[in-house]
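J.: Sequential numbering of the sequence shown, starting at 1321, is according to this note's numbering. Got a structure for you, questions after.
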Amino acid sequence: MQVKSRHHLRSDEIDEIAAALRDGLGVELSGDSFELVELADSAFDLVLVDGEPLVFYVDDEPFLTVRGANEHELESGVVTVDAGAISFVSDGADVMRPGITTADEGIEAGDLVAVAEETHGKVLAIGRALVDGDEMAGDSGKVVESIHHVGDDLFEFSV
């Protein structure tokens, strides 16, 4: 991934990111340094928090990266999958109903969500909910569109 530009964020921009993550995930984001990294070959922009790519922008909406989600305890916005779904989700597959064990009932269709595995609670992917949280578990159908997953270019990004 090529860096197009990189600059420090103003305090009001940091406050907006922190508020969005607090409201959407119940996460308190803190750090001494916040830098926006615009990527030339990606649809996403990254925010480095103390040098780590913990936040990214999806359609101008800030959300935690997989790495960021694994560094914070998420209180909401989580979809949990069973062991059978782990390899598929880790490879970037969309999430299907049969693999879901639980989903936050506050999720609404269109929300960004973190997809975690049930055994250890590790986040495997970030995606966009296609249905509300209370409609996610079931027998068939795609319910979360994968956007970013373990091992993709965004996950491997380093400066």
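C-beta atoms are modelled at their ideal positions from N, C-alpha and C, and glycine is treated no differently. The structure presented is a predicted model; accordingly, all values stated were derived computationally and were not measured.
1. Going residue by residue through the segment 1328 to 1354, where are the continuous alpha helix (DSSP H) segments of at least 4 residues, counting only ones entirely within it?
2. Helix, strand or coil for I1406 per DSSP?
3. Quick one, are the C-beta atoms of G1447 and S1466 less than 7 Å apart?
4. Run through DSSP, which three-state label would D1365 get?
5. Can you tell me the Cα-Cα spacing of H1328 and E1455, whole angstroms?
6. Since V1443 is in the alpha helix (DSSP H), which residue starts that stretch and which ends it?
7. Which residue or residues does DSSP assign as beta-bridge partners of R1326?
8. Would G1397 and L1345 qualify as a contact pair, given that the criterion is a beta-carbon distance under 7 Å?
T.: Here's the rundown:
1. Entirely contained in the segment 1328 to 1354, the alpha helix (DSSP H) runs reaching 4 residues are, in chain order, 1331 to 1345.
2. By 1-based counting over the sequence shown, the position of residue 1406 is 86. I1406 falls in the helix class under three-state DSSP.
3. Counting from 1 along the sequence shown, the entry for residue 1447 is found at position 127. Counting from 1 along the sequence shown, the entry for residue 1466 is found at position 146. Contact: yes.
4. Stepping through the sequence shown from its first residue, residue 1365 is reached at position 45. The answer is strand: DSSP assigns D1365 an E or B state.
5. One-based indexing of the sequence shown puts residue 1328 at position 8. One-based indexing of the sequence shown puts residue 1455 at position 135. Spanning the two alpha carbons is a distance of roughly 40 Å.
6. Counting from one through the sequence shown, the residue named residue 1443 turns up at place 123. Under the DSSP assignment, V1443 falls outside any alpha helix (DSSP H), being part of the beta strand (DSSP E) whose first and last residues are 1443 to 1449.
7. As a working mapping, residue 1326 is identified with position 6 in the sequence shown. In the DSSP output, where bridge partners are listed per residue, R1326 has V1357.
8. As a working mapping, residue 1397 is identified with position 77 in the sequence shown. As a working mapping, residue 1345 is identified with position 25 in the sequence shown. Going by C-beta atoms, G1397 is nearer than 7 Å to L1345.
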